[in-house]
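Sequences listed follow chains B and W, in order.
Those letters in the first sequence? Residues 4 to 117, by this note's numbering.
Those letters in the second sequence? Residues 28 to 143, by this note's numbering.
Cβ coordinates follow ideal geometry from the N, Cα and C atoms, glycine included.
What follows is one structure encoded as structure tokens, with my remarks underneath.
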Amino acid sequence: GAGVSQSPSNKVTEKGKDVELRCDPISGHTALYWYRQSLGQGLEFLIYFQGNSAPDKSGLPSDRFSAERTGGSVSTLTIQRTQQEDSAVYLCASSPGGGYTEAFFGQGTRLTVV
Amino acid sequence: AQKVTQAQTEISVVEKEDVTLDCVYETRDTTYYLFWYKQPPSGELVFLIRRNSFDEQNEISGRYSWNFQKSTSSFNFTITASQVVDSAVYFCALSESINAGNMLTFGGGTRLMVKP
Numbered sequence: 004g005a006g007v008s009q010s011p012s013n014k015v016t017e018k019g020k021d022v023e024l025r026c027d028p029i030s031g032h033t034a035l036y037w038y039r040q041s042l043g044q045g046l047e048f049l050i051y052f053q054g055n056s057a058p059d060k061s062g063l064p065s066d067r068f069s070a071e072r073t074g075g076s077v078s079t080l081t082i083q084r085t086q087q088e089d090s091a092v093y094l095c096a097s098s099p100g101g102g103y104t105e106a107f108f109g110q111g112t113r114l115t116v117v
Numbered sequence: 028a029q030k031v032t033q034a035q036t037e038i039s040v041v042e043k044e045d046v047t048l049d050c051v052y053e054t055r056d057t058t059y060y061l062f063w064y065k066q067p068p069s070g071e072l073v074f075l076i077r078r079n080s081f082d083e084q085n086e087i088s089g090r091y092s093w094n095f096q097k098s099t100s101s102f103n104f105t106i107t108a109s110q111v112v113d114s115a116v117y118f119c120a121l122s123e124s125i126n127a128g129n130m131l132t133f134g135g136g137t138r139l140m141v142k143p
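So this is what it looks like as structure tokens:
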């Protein structure tokens, strides 16, 4: 079956522009996570969605970052007014539930802000 | 706040050597989970193991084994008879959240290079 799918795989944007990154989780998975992987900060948790509950946004680094999950499936991570320090690989993961079930990661979107 | 430290940033071994990747964690919770993930050059994170804080039994899966010691807050990972395909970045991670078990705090990763 299909794994977690992220698009685009690569994105180059100019500083100050807005970007949207998409994540298609594994069908039926109720939990969805966004992480960021950068050279300076390593792997960082950003946001967590579980079913219809309010998301846990505790990892979002600034108010320029937001995420939505429509219909309990596809998620979009939006970065407004991108800065060079936003350059990183953005990873999405999904799991069957919110507890300690194995999470499956996508291959990530590499974002480069120039 | 929780923290995971992987002191080894890079390890290079020759094929068939055994190698141990160290992981030390900090948490104030008594209930937590520890993980190891593998990140091959393709980029996706591959789940290897999850261990809860109440289970200190060592685990072996093929050439992989894990040694969890609460007394030293360590969760080390050993690959026996390493192979070139084991070359990857390995991450140790910690979760304190019962309801969101994959809200992970990752260590900085250890890049393992296995040479033929």
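- Take the alpha-carbon of W/ALA108 and the one of W/ARG78: they are about 23 Å apart.
- Taking each of W/LYS30, W/TRP93, W/LEU139 and W/GLN84 in turn and checking the Cα distance to W/GLN110, the smallest one comes out for W/LEU139.
- Three or more beta-carbon pairs separated by less than 8 Å are not found between the stretch 53-67 of chain W and the stretch 51-59 of chain B, which leaves the two stretches without contact.
- Burial check for B/GLN9: the Cβ neighbour count within 10 Å reaches 16 or more, so the residue is buried.
- With a cutoff of 7 Å on beta-carbon distance, W/ALA28 and W/PRO67 are scored as not near each other.
- Interface residue (Cβ-Cβ distance to chain B less than 7 Å): W/PHE133 is classified as such.
- Within the stretch 59-71 of chain W, the residues whose Cβ lies closer than 7 Å to any Cβ of chain B are, in chain order, TYR60, SER69, GLY70 and GLU71.
- Around W/GLY136, the beta-carbon contacts reaching into chain B at under 8 Å are GLY45 and LEU46.
- DSSP lists W/ARG77 and W/ALA120 as the bridge partner or partners of W/PHE62.
- A residue is called buried when at least 16 other Cβ atoms come within 10 angstroms of its Cβ; W/ASP56 does not meet this threshold and is exposed.
- With contacts defined by Cβ atoms closer than 7 Å, B/PHE108 and B/ILE29 do not form a contacting pair.
- Counting only the Cα atoms, W/THR36 lies some 8 Å from W/GLY135.
- Listed in chain order, the positions of the stretch 65-77 of chain B with a beta carbon within less than 7 Å of a beta carbon of chain W would be empty, since no residue qualifies.
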